[in-house]
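Chains as they are written, first to last, in the working numbering: chain D, 20 to 277; chain E, 20 to 277.
From the three backbone atoms N, C-alpha and C, an ideal C-beta is built for every residue, glycine too.
Here's the structure we're looking at; comments come further down.
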Amino acid sequence: MLEVRDLRKEFQPLSGSTVVALASVSFRVAAGQFVSIVGPSGCGKSTLLQCIAGLSRPTAGHVLLHGREVTGPPEGLILLFQEYNKSLMAWRSVLKNVRFGLENRPGMSRNQIDAEARRYLELVGLEGFEAHYPWELSGGMQQRVAIARALVRRPEVLLMDEPFGSLDALTRIELEDALLRLWESLQATIVFVTHDIEEAVYLSDEVYVLSRRPCQVIEEIAVKLERPRNQLTTREDPRFIQARHHIFELISKEMSRA
Amino acid sequence: MSARLPAKGLAVLLGCLAVWELLARQSVALAAYFPPPSQVLLTLVTILASGDLLGHVAASLSRFAQGYAVAGALAVGTGLCLGLWRPLHALFEPLIELLRPMPSPATIPIAILFLGIGDEMKVAVTVYACSWPILLNTIDGVRAIDPVLWNTAATFRLGPWQRFWKVVLPAASPQIVTGLRVSLAIALILVTTSEMVVSNDGLGFYILDRQRSFQIREMYAAIVALAVIGYMLNRLFLGLDGWTMAWHKGLTRKEEIL
């Protein structure tokens, strides 16, 4: 359903020569899949997501959603950012932030929007916090608000740019499992960018490993671990350890490449 | 701490008044141009009760309101345009930087040339002087909007108008309000100054006129009235500010703690 074909992105800095962020990136994501993208830091993961989300025009190549070329932010696709504190609206309460996700959807009454927003707040475990402002909540709770705001639109594709990167380990574990539960019940397609190899393996059906800049996909690893996954047993599974081992080697080889 | 501070401040204020009272009562000659506050207050009550002062207060407040309102609409509108459109800002920045530091009362002679000595002139110079803080703060407020917030608006497919109403205006509002507050005092200064230069009513005119006709107590009484008006306008503004910008106060307090 989502296809990235020979995507190339160059930047022209004010001084100096052209920077090639993405050399030639290609991959396909089937409907309902959970795909993670890992790579050395600064390899252009965020640029890739911005191109897929239609927020940045690629220099060459195509992004196809249901076979149609993405030229601007497409309907049915939402990009979720790491910086929840900048992405949420500080002047809106938690409920109104989630409502924001539906406010420009035609043909929905105020009451319908309200009911949907409350339902999704409940799904992410934030019932009772409707009237709070986002900045009154912890980081993990703020990211839950952002997730509810994205999911309330029922996107077919959810792109996540290191969403848990700034959270502490325990909150991360909690949100990883919450995300998997939501993904399973809502049947969305998720493209999840992370620099955490274990997180990628734990969550995904498929992990795409990116090279250093200029960036391309160096390997696609299918993760054949049963669902629902479990923070203890999944992570102790020999196949998990093997996948982690393999990806780690790939990336450290990339990092040491001159 | 904060509960005791106003009491202490009030004590200092009353102390100053007491010193003034004592000094002024040292000699009759001194009291002629430095009347004790008790007499000034009595005079103020008298001229208020006789209705002598009210017309002047009304004239000044009317000019203040007109000038402040026009400046607010004009400068917020212009500031939003300049903040949103960088090429336009680059075009006008040198002009703004040249005109802004010029003391505004210098425009009074020009305004007299073009508009005569009536209300239009006084309102015009007030508009001119008030516009700068509002304009510059509005531009800064818009330009400080985080790219993540812009991208959030884009991925949720907000149209240009929705982006303006739901993102730009609220995100820039704390800065806009700061500009409006600075301009409040400036408006009062320009109304008074222009009335002193040429007028036949208003508090500025009244103060200078009573000084020239050696009605010193009336002069002081009108100055006190002006101070009280300035104080009350500021309090009114702070009240509105605290009500509409409660989210921003909470947010900045949170950031201070962290």
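Report task. Compute the Euclidean distance between the alpha carbons of Leu33/D and Ile276/E, then round it to the nearest angstrom. Result -> Going by the C-alpha atoms only, they are around 38 Å apart.
Query raised in the report: Between which two residues does the alpha helix (DSSP H) harbouring Val164/D extend?
Result: Gly158 to Leu170
Query raised in the report: Who are the Cβ neighbours of Arg231/D in its own chain at under 6 Å, not counting the five residues just before and after it?
Result: Pro59, Cys62 and Glu273
Query raised in the report: When Cβ atoms are compared, which residues of the region 115-126 of chain D fall closer than 8 Å to chain E?
Result: Listed by position, the residues of the region 115-126 of chain D near chain E (Cβ gap below 8 Å) are Phe119, Gly120, Glu122 and Asn123.
Requested in this report: Under 9 Å between beta-carbons, which chain E residues line up against Ile56/D? List them in chain order, please.
Outcome: Within 9 Å Cβ-Cβ: nothing; Ile56/D doesn't reach chain E, min ~18 Å.
Requested in this report: For the alpha helix (DSSP H) containing Ala77/E, list its first residue and its last residue.
Outcome: Leu73 to Leu103
Query raised in the report: What separation, rounded to the nearest whole angstrom, lies between the Cα atoms of Gln261/D and Val220/D?
Result: 10 Å
Query raised in the report: With a CB to CB cut of under 8 Å and the five nearest residues on each side skipped, what residues in its chain are close to Arg263/D?
Result: The beta carbon of Arg263/D is closer than 8 Å to those of Ile216, Glu217 and Val220 in its chain, skipping five residues each way along the sequence.
Requested in this report: Say whether chain E places a C-beta atom closer than 8 Å to the C-beta of Tyr152/D.
Outcome: yes
Query - Range covered by the beta strand (DSSP E) that runs through Glu237/E - result: It is not in any beta strand (DSSP E) - Glu237/E instead sits in the alpha helix (DSSP H) that spans Ile235 to Thr263.
Query - Where Leu201/D falls: helix, strand or coil (DSSP) - result: helix
Query raised in the report: Considering Ile208/E, what are the terminal residues of the alpha helix (DSSP H) in which it resides?
Result: Leu188 to Val216
Query raised in the report: Among Leu72/E, Ala30/E and Pro113/E, which one has its Cα closest to the Cα of Ile248/E?
Result: With distances taken between CA atoms, Ile248/E lies nearest to Leu72/E out of Leu72/E, Ala30/E and Pro113/E.
Requested in this report: Starting from the C-beta of Leu186/D, find all residues in its chain whose C-beta is less than 8 Å away, skip the five residues before and the five after it, and write them out in chain order.
Outcome: Gly158, Gly159, Gln162 and Leu194
Query raised in the report: Is there at least one Cβ from chain E nearer than 8 Å to Pro32/D's Cβ?
Result: no
Query raised in the report: How is Val48/D classed by DSSP in three states: helix, strand or coil?
Result: strand
Requested in this report: Identify, in the order they occur along the chain, each residue of the same chain with its Cβ nearer than 8 Å to the Cβ of Ala79/D, setting aside the five sequence neighbours on each side.
Outcome: Asp25, Leu26 and Arg27
**Report entry** Proximal residues, the region 150-174 of chain E versus chain D, C-beta separation under 8 Å
**Finding:** Residues Asp165, Val167, Leu168, Asn170, Thr171, Ala173 and Thr174.
Requested in this report: Would you please verify whether the beta carbon of Gln181/E is less than 8 Å from any beta carbon of chain D?
Outcome: yes
Query raised in the report: So which residues of chain E does Gln211/D contact, with C-beta pairs closer than 8 Å?
Result: Checking the displayed sequence, the identity of residue 211/D turns out to be Phe instead of Gln. Here the premise fails: no neighbours, minimum Cβ distance about 16 Å.
Query - Three-state secondary structure (DSSP) of Ile288/E - result: Beyond the ends of chain E as shown, which are 20 and 277, falls residue 288/E; an answer cannot be given.
Query - Residues sharing a beta bridge with Glu239/D, DSSP - result: Tyr227/D, per the DSSP bridge assignment.
Query raised in the report: Residues of chain D with a CB under 8 Å from the CB of Arg176/E: which are they?
Result: Under a criterion of Cβ atoms nearer than 8 Å, the residues of chain D adjacent to Arg176/E are, in order, Pro92, Glu94 and Asn123.
Query - Cα-Cα separation between Trp249/D and Leu107/D, rounded to whole angstroms - result: Checking the sequence shown, residue 249/D turns out to be Asn, not Trp. Near 30 Å, if we compare the C-alpha coordinates of Leu107/D and Asn249/D.
Query - Contact set for Phe119/D: own chain, Cβ-Cβ below 7 Å, skip 5 residues either direction - result: Met108, Arg111 and Arg168
Query raised in the report: Gly148/D CB to nearest chain E CB: under 8 Å?
Result: Correcting the residue type first, residue 148/D is Phe in the shown sequence and not Gly. At least 8 Å separates the CB of Phe148/D from every CB of chain E.
Query - Limits of the beta strand (DSSP E) - the one that Gly80/D falls within - result: Residues Ala79 to Leu84.
Report task. Could you spell out the range, first to last residue, of the beta strand (DSSP E) harbouring Thr126/E? Result -> Here Thr126/E belongs to no beta strand (DSSP E), and DSSP marks it neither H nor E.
**Report entry** 3 or more residues per run - each beta strand (DSSP E) lying fully within the region 119-153 of chain D
**Finding:** Correct list: empty.
Query raised in the report: When DSSP builds the beta bridges, which residues end up paired with Leu96/D?
Result: Residue pairing by DSSP places Leu96/D opposite Val176/D in a beta bridge.
**Report entry** Meets three-Cβ-pair contact criterion under 8 Å: the region 170-184 of chain D and the region 135-152 of chain D
**Finding:** yes
**Report entry** Buried versus exposed call for Cys35/E [16 or more other C-beta atoms within 10 Å across all chains shown]
**Finding:** exposed
**Report entry** Cβ distance (whole Å) where Leu84/D is taken to contact Val176/D below 8 Å
**Finding:** 7 Å
Requested in this report: Compare the C-beta of Leu205/D against all C-beta atoms of chain E and say whether one is closer than 8 Å.
Outcome: no
Query raised in the report: Looking only at C-alpha atoms, which of Arg87/D, Tyr152/D, Phe53/D and Gln131/D sits nearest to Asn104/D?
Result: Tyr152/D
Query raised in the report: Just by C-beta distance, which residues in the region 182-204 of chain E are closer than 8 Å to chain D?
Result: Against chain D - using a Cβ distance shorter than 8 Å - the residues of the region 182-204 of chain E are Lys185, Val186, Pro189, Ala190 and Ser192.
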